[in-house]
Structures are given as structure tokens and as C-alpha cells.
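Taking the UniProt record's numbering, the leading residue of the sequence shown gets 1, the next gets one more, and so forth.
Quick reminder that beta carbons are idealized off the backbone N, C-alpha and C, glycines included.
What you are looking at is a predicted structure, and each value in this text was computed from that prediction instead of being measured.
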Amino acid sequence: MLLENFLRRLLHLYLQSYHEQRPLLLEILAWIARNASPFTYTATTASSEKPSLPMRAVVSTILSGKLYLSGITAASSSATLAEHGITHVLSVINADEVPKLPEGIRHRIIPISDTTTANILQHLPDVIEFIESAFQEDPNAKVLVHCIEGVSRSASAVIAYLMAERGMSFAQALRVVKRRRPVVSPNLGFVRQLSEWGTICEAKRKENPREWEQVLNLRQRRSESPPPPVRVEKVERRTSWKDMVFGRSAMDETESLDT
């Protein structure tokens, strides 16, 4: 009990200064979120996706009427998809694990394994693009993001979306998602990369194109190794978030700055 109270106090102090997203504190935060309560799921560092089987079939509402999170059982069920009015499905999953979806569902696959060495950061621009495109094309679109269990990979994708489009810190986004789906527990490799993503989102808000360029370039590095730390370079240029995500490529952006 004393240990749990101490850890909760540590979490409270961190959330008061969430803007200082230091990797070590983020790892502590993730550990506390998984272990501070006997009612939450305890993860391993290698793979976080081992909750009880029924959670695979549970659809958790992240943004009411818009964004949902689940495991593969729910994503594979035509009845479940119809019940929630799902129009788009984002599978954050190995290529050989992709479920068969009913006709009419818009589908995107983000191929990645749930390991601490997997490079999820390189895929996050694609995650943002798919989800935002769905909402832009159809105001009534409902997007389901899933992996096998709805614990680590898909949860990390949803957290990254909230950080990018809702201006949340990693700590805030993790709290929101975990409140709606208590088993959520990104592995420590993803936690480190979401910390980098927070730096990138902050740089975007400060209108730094070269920061986003470094992340867009990660899309061309289809490796399973973690990305190197992102270093911020200041560039005096105003560029909208939408232009950076959906517009010209990072290379075009660089060329225009040099001319």
C-alpha cells in the first residue's frame, strides 16, 4: 500500500509537469500506469499484448462517434462492426495476422510487430493521414484501430493521434486512452518513441518544418530498429500541420527552402 501511494504521488507530480517529457520519466509513467493498481494489466517489456481473451472482442470508445480501439476479434466480426457503425479500419498488425473484413469497409494496414525494437515512429504519419482523411471525407466516419489485443500497437497509434490532432502530451493521451480501455499498455520501446513523437508535435506547434522532415524521412526507412533521437533545428518558415502531414513531401519542403 505504501509503495502504491508513493507511485501514485510520483505520477501526480509528473502530470503536473508533463511538458518536460523526459524518456526516463515516461518509462516510469508507463510502468506506474500498468502496475500501480491490482485491477490493471501487468505487461512485459518484450510484448504487452497478453490480457484475457474476451478483451479482444471489446470495442472501446476513444472519441465518441469517431474513434474506437479494439482487438482482432472485434475487428473480424461483421456484427460488431455494424453495431458500432464502423466505416474505416486501421490494422496495426503483422501482415500475416490481418483479418478479413466485410465489403464496404475502408481498410489500411500498418505492418509492425509488438516488440521493444519495432520502429513504430516511422508509421505514425501514415496513422494520422488515414484517420484524418476518413474524417475529412465523411464527417460521420467511424474509425476502428486494432491490433491483436488492443493493448500496445493499436493503443500507441491512438495515443499518437491524440497527441498530434488534439494537442495532448503523451501523459495526457495515455490517461485518456487507458481510462477508456484499462488494459492499454504500450511496450517500453513504443513509450520511448512516443516521447520522440511528443517532441515532434511540439515542434510542429512551433512551426519547425525540419523537425517534421526528419520524421517523414523515417517513412522511407522500413527497418525494425528504433529510430535515432530527433534533434530540433530552427527554421523561420510558417507551415500548417495539414501541409506537413498531407501536402508536399519532406524533400519538396527542403528544396523550397533552399531556393
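Looking only at its chain, what residues have a beta carbon closer than 8 Å to the beta carbon of F135, apart from the 5 residues adjacent to it on each side?
Result list for F135: K66, A141 and V143, in chain order.
Looking at the unbroken beta strand (DSSP E) that takes in H88, where does it start and where does it end?
Per DSSP, H88 belongs to the beta strand (DSSP E) from H88 to V92.
Quick one: is A164 buried, meaning 16 or more other Cβ sit within 10 Å of its Cβ, or exposed?
A164 should be labelled buried.
Quick one: what's got a C-beta closer than 7 Å to M55's C-beta in the same chain, skipping five residues either side?
If we look at M55 and ignore the five residues flanking it on each side, its Cβ neighbours are G71, E149, G150 and V183.
In the structure shown, what three-state DSSP assignment does R166 receive?
In the structure shown, R166 sits in coil (DSSP, three-state: anything other than H, G, I, E or B).
Ends of the alpha helix (DSSP H) at L121?
Taken as a continuous stretch (DSSP letters only), L121 belongs to no alpha helix (DSSP H), as it is neither H nor E.
For R106, which three-state DSSP category applies?
Correct three-state label for R106: strand.
If I measure Cβ to Cβ from R108 and keep anything under 8 Å in the same chain, skipping five residues before and after, which residues do I get?
Excluding positions up to five away in sequence, the list reads H88, V89, L90, S91, D126 and F130.
So is K100 buried or exposed if we call it buried at 16+ other beta carbons inside 10 Å?
Flag for K100 reads exposed.
When you compare each of A203, Y161 and A79 to S133 by their alpha carbons, which one comes out closest?
The option with the nearest alpha carbon to S133 is Y161.
Measuring CA to CA, which of D138, I93 and I105 is closest to N119?
Residue I93 is the option with its Cα nearest to N119.
Looking only at its own chain, which residues have a Cβ that is under 7 Å from the Cβ of I62, when we skip the five neighbours before and after it?
For I62, where only same-chain residues beyond five positions count, the Cβ hits under 7 Å are Y68, L69, V158, V177 and R180.
Taking just the CA atoms, how far does H123 sit from F170?
So the two alpha carbons sit approximately 17 Å from each other.
To which residues of the same chain is V145 closer than 6 Å at the C-beta, ignoring the five residues directly before and after it?
These residues qualify, in order along the chain: L69, L90, S154, A157 and V158.
Compute the Euclidean distance between the alpha carbons of K206 and C147, then round it to the nearest angstrom.
If I take the Cα positions, the gap works out to 33 Å.
Secondary structure at T61, three-state DSSP: helix, strand or coil?
DSSP places T61 in strand when its eight states are reduced to three.
Helix, strand or coil for R180 per DSSP?
R180 falls in the helix class under three-state DSSP.
Along the alpha helix (DSSP H) that carries L81, what are the first and last residues, could you check?
Note, L81: alpha helix (DSSP H), S78 to H84.
Out of curiosity, what's the CA-to-CA distance linking F190 and P102?
The straight-line gap from Cα to Cα measures roughly 30 Å.
Using 8 Å for Cβ pairs, my map puts N187 next to D114. What's the rounded Cβ distance?
Between D114 and N187 the Cβ distance is about 6 Å, and since that is below 8 Å, they are a contact.
Throw me the rounded Cβ distance for the V59 and H84 pair, which I believe falls under 8 Å.
6 Å between Cβ atoms; contact.
Could you tell me which of V98, G104 and I105 sits nearest to P111, measuring between CA atoms?
It is V98 whose Cα lies nearest to the Cα of P111.
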